[in-house]
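Chemist: Take this structure, written in structure tokens, and hold onto it; I'll ask about it next.
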Amino acid sequence: MLRTLLQGLRPPVTEPAPPADPELSALAAQLDIAARRRLGRSLSIREVDAGSCNGCELEIHALNNPFYDLERFGLRFVASPRHADVLLVTGPVSRNMRQALERTYAATPGPKWVVAVGDCAAGCGVFAGSPACVGAVDKVVPVDLTIRGCPPTPMQLLRGLLALLLSP
Amino acid sequence: MSAWDQAAARLTAGDATLVSVWGEPGRAHLALLDDAMRVTSMDCPNGRFPSIGRVHPAAIRLERAMRDLHGLDPIGLPDTRPWLIHGAAPTDYPFLPVQGENLHQVPVGPVHAGVIEPGHFRFTCDGETVVRLEQRFGYVHKGIDALMAGAEIGAAARVSGRLSGDSTVAYAIAFARAVEQALAMEIPPRAVWLRGLMAELERLANHFGDIGAICNDASFSIMLAHCAMLRERVLRASADCFGHRLMMDCVIPGGVAVDPTDCSALRTLVPEVRAAFRRLVELYDGAASLADRTVGTGIVRSELATRFGAGGYVGRASGRDFDARRFPGYAPYDALSFDVPVLTAGDVDARVWIRIKETEQSLDLVEQILDRLSPGPARIALPSGSGEGLAMVEGFRGDIFAWVRIENGRVSRSHLRDPSWFQWPLLEAAIEGNIVADFPLCNKSFNCSYSGHDV
Ligand code: SF4
Numbered sequence: 004m005l006r007t008l009l010q011g012l013r014p015p016v017t018e019p020a021p022p023a024d025p026e027l028s029a030l031a032a033q034l035d036i037a038a039r040r041r042l043g044r045s046l047s048i049r050e051v052d053a054g055s056c057n058g059c060e061l062e063i064h065a066l067n068n069p070f071y072d073l074e075r076f077g078l079r080f081v082a083s084p085r086h087a088d089v090l091l092v093t094g095p096v097s098r099n100m101r102q103a104l105e106r107t108y109a110a111t112p113g114p115k116w117v118v119a120v121g122d123c124a125a126g127c128g129v130f131a132g133s134p135a136c137v138g139a140v141d142k143v144v145p146v147d148l149t150i151r152g153c154p155p156t157p158m159q160l161l162r163g164l165l166a167l168l169l170s171p
Numbered sequence: 042m043s044a045w046d047q048a049a050a051r052l053t054a055g056d057a058t059l060v061s062v063w064g065e066p067g068r069a070h071l072a073l074l075d076d077a078m079r080v081t082s083m084d085c086p087n088g089r090f091p092s093i094g095r096v097h098p099a100a101i102r103l104e105r106a107m108r109d110l111h112g113l114d115p116i117g118l119p120d121t122r123p124w125l126i127h128g129a130a131p132t133d134y135p136f137l138p139v140q141g142e143n144l145h146q147v148p149v150g151p152v153h154a155g156v157i158e159p160g161h162f163r164f165t166c167d168g169e170t171v172v173r174l175e176q177r178f179g180y181v182h183k184g185i186d187a188l189m190a191g192a193e194i195g196a197a198a199r200v201s202g203r204l205s206g207d208s209t210v211a212y213a214i215a216f217a218r219a220v221e222q223a224l225a226m227e228i229p230p231r232a233v234w235l236r237g238l239m240a241e242l243e244r245l246a247n248h249f250g251d252i253g254a255i256c257n258d259a260s261f262s263i264m265l266a267h268c269a270m271l272r273e274r275v276l277r278a279s280a281d282c283f284g285h286r287l288m289m290d291c292v293i294p295g296g297v298a299v300d301p302t303d304c305s306a307l308r309t310l311v312p313e314v315r316a317a318f319r320r321l322v323e324l325y326d327g328a329a330s331l332a333d334r335t336v337g338t339g340i341v342r343s344e345l346a347t348r349f350g351a352g353g354y355v356g357r358a359s360g361r362d363f364d365a366r367r368f369p370g371y372a373p374y375d376a377l378s379f380d381v382p383v384l385t386a387g388d389v390d391a392r393v394w395i396r397i398k399e400t401e402q403s404l405d406l407v408e409q410i411l412d413r414l415s416p417g418p419a420r421i422a423l424p425s426g427s428g429e430g431l432a433m434v435e436g437f438r439g440d441i442f443a444w445v446r447i448e449n450g451r452v453s454r455s456h457l458r459d460p461s462w463f464q465w466p467l468l469e470a471a472i473e474g475n476i477v478a479d480f481p482l483c484n485k486s487f488n489c490s491y492s493g494h495d496v
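Here the protein sequences come in this chain order: L and F. In terms of the working numbering, the first sequence is residues 4 to 171. In terms of the working numbering, the second sequence is residues 42 to 496.
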């Protein structure tokens with residue numbers, strides 16, 4: 004039984020990396036180059052849901068499935084902001100999550116980057132104007148890179164994260 | 042006795058199930074289900090109305106939300122702490138006092154270790170054993186009621202589809218059906234079938250994701266790898282047919298926004314996925330080390346599931362034989378044949394088995410729908426008008442309730458009730474007497490929505 008199952012994963016179903024997106028690469032290239040060199044080609048990511056509808060989380064999860072296999076690029080999700088280089092933040096920041104997001108940012112050691120994921124994180128999406136939301140992620144913490152989409156597909160996410168990792 | 046008090050009495054006597062209780066400024070509404078779904082409304086110009094939570098605990102959190110959102114005052118509500126609105130000092134929250142010897146507390150969240158939504162869990166433990174869990178939610182409260190009030194119908198539909206992203210299709214159908222009832226309109230048959238198709242694809246994707254994730258939380262990660270691939274296949278086929286992996290905004294009031302020309306991706310998908318899944322089920326069934334973690338863990342007693350009207354796999358794993366597709370029922374399910382699995386063990390294992398059986402049913406349903414799908418229009422324009430409508434839809438997690446009032450082509454008020462409202466409280470009960478380390482497993486087996494609950 005176990006053999007059939009292991010066979011199911013062979014030949015590898017993992018797909019090639021998406022081609023670089025020039026716009027994202029250009030954006031990422033402006034990030035602090037020295038700091039990125041220090042970290043090498045490996046980044047630890049801490050995901051923070053600051054008010055999302057959970058759609059973005061579903062696609063972020065998909066990055067770990069065998070088709071996308073995020074870890075092959077040296078990118079991995081960690082359980083604590085204290086272990087993270089990158090905060091991946093989703094959602095329009097809700098009033099009730101503002102403080103938790105600020106604290107998570109403060110708990111992340113530098114050098115660090117913030118990636119805003121999804122139309123909500125970028126500009127509140129359909130929740131714009133709600134009295135219960137503070138605003139886009141950059142209203143609360145400084146954002147280095149934005150990946151749009153509602154939700155962004157795993158390929159779009161991968162392209163964004165690779166831009167962070169690979170651009171010169 | 043007023044109609045409101047009579048309804049409360051029926052709930053206390055167990056003659057009816059609570060569907061929801063919600064408010065708007067100066068008015069309270071209560072929906073019950075017995076042989077049909079009924080709404081009782083009550084004017085409360087001074088904001089006060091007799092609490093339902095006073096006699097029926099399942100209503101307590103909903104009434105705390107009514108206080109927060111609309112300034113209503115349920116007379117006699119046993120717990121008046123804020124629920125959805127945390128105010129300026131979110132960390133000042135009066136958790137219930139705990140007394141006893143040798144107890145310690147473990148606070149967890151709102152930011153958790155995994156890629157999941159935020160919420161706070163406060164465990165009181167005696168050694169490794171949880172003696173009590175208290176939840177605190179509202180972190181992803183986005184002001185849905187306020188956003189919907191006065192919104193144009195199309196915009197409101199897009200918001201409804203984002204109450205809980207994993208159930209975007211189910212929410213969109215619930216909202217659309219409520220609007221269509223309010224405007225007394227019928228949608229074309231093709232739209233009904235396509236909605237059913239999308240709903241079953243959504244159920245499949247989520248059940249695959251859940252089964253894998255539950256096994257992963259019991260450290261059986263090969264199931265996660267395989268189930269995640271099945272989930273991905275379903276999402277890709279959905280994108281092929283409907284242009285969006287989660288099918289967001291594909292269901293709209295008046296029909297469906299996307300009419301696929303080619304569903305061949307689904308025709309090939311179903312038999313392949315069915316064969317692959319059968320092998321995974323054998324693996325689940327035969328792995329003693331996995332059963333050791335899931336059997337007897339996180340038990341929800343059947344009386345509790347019934348009293349709280351818990352829907353979905355949480356209710357059906359604890360003997361509550363309810364599925365909104367069958368009763369109150371709605372199209373196209375009245376023309377389809379499917380079983381509603383029910384088990385009584387109430388543990389993590391039973392919740393996995395309900396999902397397994399429902400997955401098999403949904404695969405059959407997708408094929409039945411594809412066979413019936415015939416050409417024709419897939420949407421019609423909305424008439425202008427006013428009215429009130431309600432609907433109940435079975436999402437993958439359980440029954441979603443939608444109520445809407447339309448005034449001159451705009452939403453004047455609406456209410457969307459996630460199944461999680463009646464499931465989260467049962468998780469507090471299920472974890473009692475289990476060890477802290479089993480909490481992620483129990484929690485995943487519930488997989489309640491934070492966003493859907495926090496509105
Ligand atoms: S961007 Fe879309 S999917 Fe992501 S949190 Fe916002 S509404 Fe949900």
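Note that beta-carbon positions come from the ideal geometry of N, C-alpha and C, so glycine has one too. Computed from a predicted model, the values in this text were never measured in an experiment.
Could you please give the first and the last residue of the uninterrupted beta strand (DSSP E) stretch that includes Glu50(L)?
Modeler: Glu50(L) -> beta strand (DSSP E) spans Leu46 to Asp52.
Chemist: In its own chain, which residues sit with a C-beta less than 8 Å from the C-beta of Asp120(F), not counting the 5 before and 5 after it?
Modeler: Cβ within range, chain order: Gly94, Ile101 and Arg105.
Chemist: Give me the subset of the region 279-302 of chain F whose CB atoms are less than 7 Å from a CB atom of chain L, sorted by chain position.
Modeler: So the close ones are Arg286, Leu287 and Met289.
Chemist: I need the boundaries of the beta strand (DSSP E) containing Asp109(F), first residue and last residue.
Modeler: First-last for Asp109(F): Ile101 to His111, but that is the alpha helix (DSSP H), not the beta strand (DSSP E).
Chemist: Anything in the region 193-214 of chain F with a Cβ closer than 8 Å to a Cβ of chain L? List those residues in chain order, please.
Modeler: Of all residues in the region 193-214 of chain F, Ala196, Arg199, Val200, Arg203, Leu204, Ser205, Gly206, Asp207 and Thr209 have a Cβ within less than 8 Å of some Cβ in chain L.
Chemist: Which partner residues does Leu74(F) have in the DSSP bridge list?
Modeler: DSSP output for Leu74(F) lists Thr58(F) and Met78(F) as bridge partner(s).
Chemist: Just checking my contact of Gly360(F) with Thr385(F) at CB under 8 Å: how many whole Å lie between their CB atoms?
Modeler: Confirmed, about 4 Å.
Chemist: At a cut-off of 7 Å, would you count Gly121(L) as near the ligand SF4, judging by its Cβ distance to the nearest heavy atom?
Modeler: Yes, the beta carbon of Gly121(L) sits closer than 7 Å to at least one heavy atom of the ligand SF4.
Chemist: Tell me whether Ser55(L), by its Cβ, gets closer than 7 Å to a heavy atom of the ligand SF4.
Modeler: Within the cutoff, so yes.
Chemist: Can you name the residues that DSSP bridges to Ala432(F)?
Modeler: Ala443(F), per the DSSP bridge assignment.
Chemist: Using a Cβ cut-off of 8 Å (strictly closer), state whether Glu18(L) contacts chain F.
Modeler: Glu18(L) does not count as touching chain F.
Chemist: Tell me whether Ser453(F) sits in a helix, a strand or coil according to DSSP, three-state version.
Modeler: Ser453(F) falls in the strand class under three-state DSSP.
Chemist: Among Val389(F), Ala196(F), Thr165(F) and Ser330(F), which residue has its Cα nearest to the Cα of Asp251(F)?
Modeler: The candidate whose alpha carbon is nearest that of Asp251(F) is Val389(F).
Chemist: Can you tell me the Cβ-Cβ gap for Arg199(F) and Val129(L), rounded? I've got them flagged as a contact below 8 Å.
Modeler: So it is a contact: roughly 5 Å between Cβ atoms.
Chemist: Give me, in chain order, the residues of the same chain whose beta-carbon lies closer than 6 Å to that of Pro257(F); leave out the 5 immediate sequence neighbours on both sides.
Modeler: Contrary to the premise, residue 257(F) reads as Asn rather than Pro in this sequence. The residues are Leu265.
Chemist: Are any of the Cβ atoms in chain L nearer than 8 Å to that of Glu243(F)?
Modeler: Judged by the 8 Å Cβ criterion, Glu243(F) is not in contact with chain L.
Chemist: Would a C-beta distance cut-off of 8 Å place Tyr212(F) and Leu224(F) closer than the cut-off?
Modeler: Result no, Cβ atoms of Tyr212(F) and Leu224(F) do not sit closer than 8 Å.
Chemist: Going by other Cβ atoms of all chains shown within 10 Å of its Cβ, with 16 needed for buried, is Asp440(F) buried or exposed?
Modeler: Buried is the call here.
Chemist: Since Asp52(L) contacts Glu158(F) with CB under 8 Å, what's their CB separation in whole angstroms?
Modeler: Correct: roughly 5 Å between the Cβ atoms.
Chemist: Starting from Thr107(L), trace the alpha helix (DSSP H) in both directions and tell me its first and last residue.
Modeler: Per DSSP, Thr107(L) belongs to the alpha helix (DSSP H) from Arg98 to Ala110.
Chemist: On a CA-only basis, which of Ala48(F), Ser260(F), Leu307(F) and Val314(F) is nearest Ala409(F)? Give me that one, please.
Modeler: Before going further, note that residue 409(F) is Gln rather than Ala in the sequence given. Nearest of Ala48(F), Ser260(F), Leu307(F) and Val314(F) to Gln409(F), Cα basis: Leu307(F).
Chemist: Report the option in Gly117(F), Asp167(F) and Tyr180(F) whose CA atom is closest to the CA atom of Gly128(F).
Modeler: Minimum Cα distance to Gly128(F) is reached at Tyr180(F).
Chemist: Taking CB distances under 8 Å as the criterion, tell me whether Gly168(F) reaches chain L.
Modeler: It does not; no Cβ of chain L falls within 8 Å.
Chemist: Can you list the residues of chain L that Gly184(F) reaches, using a CB-CB cut of under 8 Å?
Modeler: Near Gly184(F) (Cβ distances below 8 Å), the residues of chain L are Phe130, Ser133, Pro134, Ala135 and Cys136.
Chemist: Find out if the Cβ-Cβ distance for the pair Gly436(F), Leu59(F) is shorter than 8 Å.
Modeler: No. Outside cutoff.
Chemist: Enumerate in chain order the residues of its own chain whose CB-to-CB distance from Pro230(F) is below 7 Å, with the five nearest sequence positions on each side excluded.
Modeler: Once the five neighbours on either side are set aside, the close Cβ partners of Pro230(F) are Gly417.
Chemist: Compare the C-alpha of Val144(L) against each of Leu90(L), Leu61(L), Pro15(L) and Pro25(L) and name the closest.
Modeler: Nearest option by C-alpha distance: Leu90(L).
Chemist: Please classify Met289(F): does DSSP put it in a helix, a strand, or coil?
Modeler: Coil, per DSSP.
Chemist: Return the bridge partner residues of Cys136(L) from the DSSP annotation.
Modeler: According to DSSP, Cys136(L) bridges with Ser97(L).
Chemist: In chain order, what residues of the same chain have a beta carbon less than 7 Å from the beta carbon of Ala232(F), not counting five sequence neighbours either side?
Modeler: Gly296, Val297, Ala419 and Arg420, listed in sequence order.
Chemist: So, using beta-carbon positions, are Ala219(F) and Trp444(F) closer together than 8 Å?
Modeler: Yes, they are a contact pair.
Chemist: Does DSSP put Cys483(F) in a helix, in a strand, or in coil?
Modeler: It is helical.
Chemist: Following the continuous beta strand (DSSP E) through Phe90(F), name the residue where it begins and the one where it ends.
Modeler: Residues Arg89 to Pro91.
Chemist: Who are the neighbours of Phe70(L) on chain F, taking C-beta pairs under 8 Å?
Modeler: Met270 and Glu273, listed in chain order.
Chemist: Going by DSSP, name the residue or residues bridged to Leu90(L).
Modeler: Leu90(L) is bridged to Arg49(L) and Val117(L).
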